[in-house]
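Chemist: What the sequence shown shows, in my numbering, is residues 1291 to 1694, in sequence order.
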Amino acid sequence: MTDNHFAGADRAAGYGIEGDEPVVLSVPAFSTPASEDGLATLDRDAPIFRDPTISVAPPAEPSVAVMGQVGGGRTAGKNAQAEDVPAASPADVLAGLTRASRRASAPPVATTGFRGFLARIGFKPEPSVAEKATLEAAAAVARDEETIRQATYTRPVGVLVANRKGNAGKTTISLGLGGTLAACRGGGVAIVEVAEDPGTLTLRAEGNPRRGIGHLVADHADVHSAGHLDGYTAPQTSYARVIGSTGPRPALTAEAVTDVVRVVDEYFAMRVMDSGNQYTSPVFQAAVAAADVLVIPTLNATDTATQALALLDELRSQGGHAAELADRAIVLVLTDGRRETPEVTEAVTQALAQARVGEILTIPFDGHLAERGQITLSQIHPNTYRAFVAAGAAVIRALDSVTN
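See the structure below:
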C-alpha cells in the first residue's frame, strides 16, 4: 500500500460559505482515499506518524480576519486594522454556523474512481460501495480515537497484560496497546515491567536507556518530580514512557511492584503493566491488585489459549477483585506469523466465546511486529493500528465501568 495515513490527533478543516459571507467552522478532517486493498487509509498528519523523509511545507500565515464578517460587507485583510472589521451580530453568526453545519452534514460525494471524476466536473454522485466502506472504517477509527483521547479519571488507572504462557505476545501487546493509548492521548502513559526476572520489554521498545526498573526500585523513595522519574524511562515516538530492565537486576518482589506503582502513578495517568509467567507468585498478585483492567493476549494455538483460559479460572477462584478482572477481561487474539490450522483456530474461537469475558478482539499479522525487534508504532500496518485503536477503546470502556 502507498501513502498510508493515520488519524492520531485532533485536526480541523475550515469550511467556508459560498457568496460573500465567509464562515469558518472547525470539524474533523479525514483523508480517506481508497487503497489498493479496498481498506481505509487514514490521515497520518500527527507528528509520530509523519514520514521524516517527506518535506512538508509550513501552513500559510493566517489572515488577521479569520472569522470576518458573517452578515456581508467588508472583510479585513492581512494588513487591515482590527477596528476596521465590523462586528457580526449574534444572529448573523448563528445563521452562518447553521449553514456551515448543513454543508458539513450533507450526504458524502464520491472522490475516487469514475464517480470521483464525475464529482470533479460538477456532478455529485454518491460514493461507491467500496468507498463508503472506506469512509465508514475511517469514521470508526476516529470514534475510537476520540473515545481514548477524551477519557478522564479522578485517579491513575492500571492495565495488566497477562497470560500464563510465555511467548504469547504479552510484550508485543503491552507496547502496541500502551503506545496507541499514549499516541491518542498525547502522552501520560507508562509501560512498566512487573515480571520477577528481567524480561524483553526494554529490548522491544525504542531507545537504549541507561536506567530502568531495577534502578527505580532502589531509588523510588528519592523520586519527587516528573523530571527525576523520566530518567528511569525510555521515551517512545508514540509518547509513551517504558520502564523495563536495562541489564541484570535483583528479582522483583511484591513490595517492589507496589513501590514502583506508587511512584509511577504520581506522574502518569495510565499504567500498562507487562507481566511474567509466574501467575501464582506474590509479584503477579501485587500487579493484579494494582490493575483496573486485565488484557489477555493469546494466539490461535492450543497451548496459549489453554493457558489464557486457565488464568481466567485461577483469578475467578480467588474471588473479589481478581474475579472481577477476569469477568471484564479483554482478550486479544494475536496472529504473529506462526503456522495456524483452521481446526485449531475454530476450536480457540469457540473456547474463547464461552469464556465469559468482556470483549474479544483480533490483532492481525504485522510484519513489523513479527520481526521481534524494536517496535515503532508508526511502522505498523494501518490494519494493525486500527486493531490497536479498537483495543484501546475497549480498555477505556472497561475502565469507565469501574471508575465512573
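We put the CB at the ideal spot given by N, CA and C, even for glycine.
This one's a predicted model, so the numbers in the text were calculated from it and none came from an experiment.
1. Nearest CA to the CA of Leu1467: which residue from Pro1415, Ala1643 and Leu1622?
2. Return the first residue and the last residue of the alpha helix (DSSP H) that Ala1688 is part of.
3. Can you check DSSP and say which residues form a bridge with Ile1533?
4. Mind checking who Pro1587 pairs with in its DSSP beta bridge?
5. Nearest-angstrom Cα distance between Thr1496 and Gly1657?
6. Considering only their Cβ atoms, is the gap separating Gly1448 from Arg1561 smaller than 7 Å?
7. DSSP on Gly1448, reduced to helix/strand/coil?
8. So, does the region 1518–1532 touch the region 1573–1582, judging by three or more C-beta pairs under 8 Å?
9. Report the CB separation of Pro1488 from Arg1539 in whole angstroms; it is logged as a contact under 8 Å.
10. Check each candidate in Pro1672, Leu1493 and Ala1581 and name the one with the smallest Cα separation from Thr1424.
11. When burial is assigned at 16 or more other CB atoms within 10 Å of the CB, is Ser1316 buried or exposed?
12. Just to confirm the assignment, what range does the alpha helix (DSSP H) spanning Arg1433 have?
13. Which residues bound the beta strand (DSSP E) around Thr1652?
14. Does the structure place the region 1638–1657 close enough to the region 1421–1438 that three or more beta carbon pairs sit under 8 Å?
15. Once DSSP output is grouped into helix, strand and coil, what is the label at Asp1656?
16. Considering only C-alpha positions, which residue in the set Asp1509, Ile1438, Ala1612 and Asn1498 is nearest to Gly1477?
17. Does the contact criterion of 3 or more C-beta pairs under 8 Å hold for the region 1588–1595 versus the region 1550–1561?
18. Return the CA-CA distance between Glu1636 and Pro1654, expressed in angstroms with no decimal places.
19. Taking only three categories from DSSP, how would you classify Ala1524?
20. With 16 other CB atoms within 10 Å as the buried threshold, where does Asp1582 fall?
21. Taking the beta strand (DSSP E) that Val1399 falls in, what are its first and last residues?
22. How long is the line joining the alpha carbons of Lys1414 and Ala1427, rounded to whole angstroms?
23. Going by DSSP in three states, Arg1494 sits in which element: helix, strand or coil?
24. Decide if Gly1566 is buried, meaning its Cβ has at least 16 other Cβ atoms within 10 Å, or exposed.
25. At which residues does the beta strand (DSSP E) containing Val1513 begin and terminate?
26. For the beta strand (DSSP E) containing Asp1593, name the first residue and the last one.
27. Comparing C-alpha positions only, which one of Ala1645, Gln1640, Thr1461 and Arg1618 sits nearest to Val1685?
28. Around the Cβ of Ala1372, are there at least 16 other Cβ atoms within 10 angstroms (buried) or fewer (exposed)?
29. Nearest-angstrom Cα distance between Ala1530 and Thr1470?
30. Between Phe1678 and Val1532, what straight-line distance do the alpha-carbon atoms span, to the nearest angstrom?
31. Checking the sheet assignment: what are the DSSP bridge partners for Asp1564?
32. Express the C-alpha separation of Gln1568 and Ala1680 in angstroms, rounding to a whole number.
33. Hey, could you find the ends of the alpha helix (DSSP H) Ala1546 is sitting in?
34. Can you check whether the CB of Pro1499 is closer than 7 Å to the CB of Thr1536?
35. Among Glu1486, Arg1494 and Gly1403, which has the Cα closest to the Cα of Glu1661?
36. On the three-state DSSP scale, how would you describe Gly1477?
Modeler: Once the coordinates are examined:
1. Taking only the C-alpha atoms, the option nearest Leu1467 is Leu1622.
2. Pro1672 to Thr1693
3. Val1482
4. Leu1622
5. Looking at the sequence provided, one finds Glu at residue 1496 rather than Thr. Roughly 17 Å between the two C-alpha positions.
6. In this structure, Gly1448 lies closer than 7 Å to Arg1561 by Cβ.
7. Strand, per DSSP.
8. No, the region 1518–1532 is not in contact with the region 1573–1582.
9. Under the criterion of beta carbons closer than 8 Å, Pro1488 and Arg1539 qualify as touching, at roughly 6 Å.
10. Out of Pro1672, Leu1493 and Ala1581, Pro1672 has the C-alpha closest to the C-alpha of Thr1424.
11. Only weak support is given to the placement of Ser1316: the predicted model assigns it a pLDDT of 37, under 50, and the question is left unresolved by the model.
12. Counting along the chain, the unbroken alpha helix (DSSP H) around Arg1433 starts and ends at Val1419 to Gln1440.
13. Note, Thr1652: beta strand (DSSP E), Glu1649 to Ile1653.
14. No, because fewer than three Cβ pairs between the region 1421–1438 and the region 1638–1657 fall closer than 8 Å, the two stretches do not touch.
15. coil
16. Ile1438
17. no
18. 16 Å
19. strand
20. buried
21. Neither: Val1399 is in no beta strand (DSSP E) and is coded neither H nor E.
22. 22 Å
23. helix
24. Sixteen is the threshold: when 16 or more other Cβ atoms of the shown chains lie within 10 Å of the Cβ of Gly1566, as they do, the residue is buried.
25. Run containing Val1513: none; DSSP gives neither H nor E here.
26. Here Asp1593 belongs to no beta strand (DSSP E); instead the alpha helix (DSSP H) covers Thr1592 to Gln1608.
27. Arg1618
28. Here Ala1372 scores only 43 on pLDDT, less than 50, and its place in the model should not be relied on; the value that follows carries that caveat. Around the beta carbon of Ala1372, a 10 Å sphere encloses fewer than 16 other beta carbons of the protein chains shown; the residue is thus reported as exposed.
29. Cα-Cα distance, rounded: 9 Å.
30. 18 Å
31. Val1451 and Glu1483
32. 29 Å
33. Here the alpha helix (DSSP H) through Ala1546 covers Ala1544 to Tyr1557.
34. yes
35. Arg1494
36. coil
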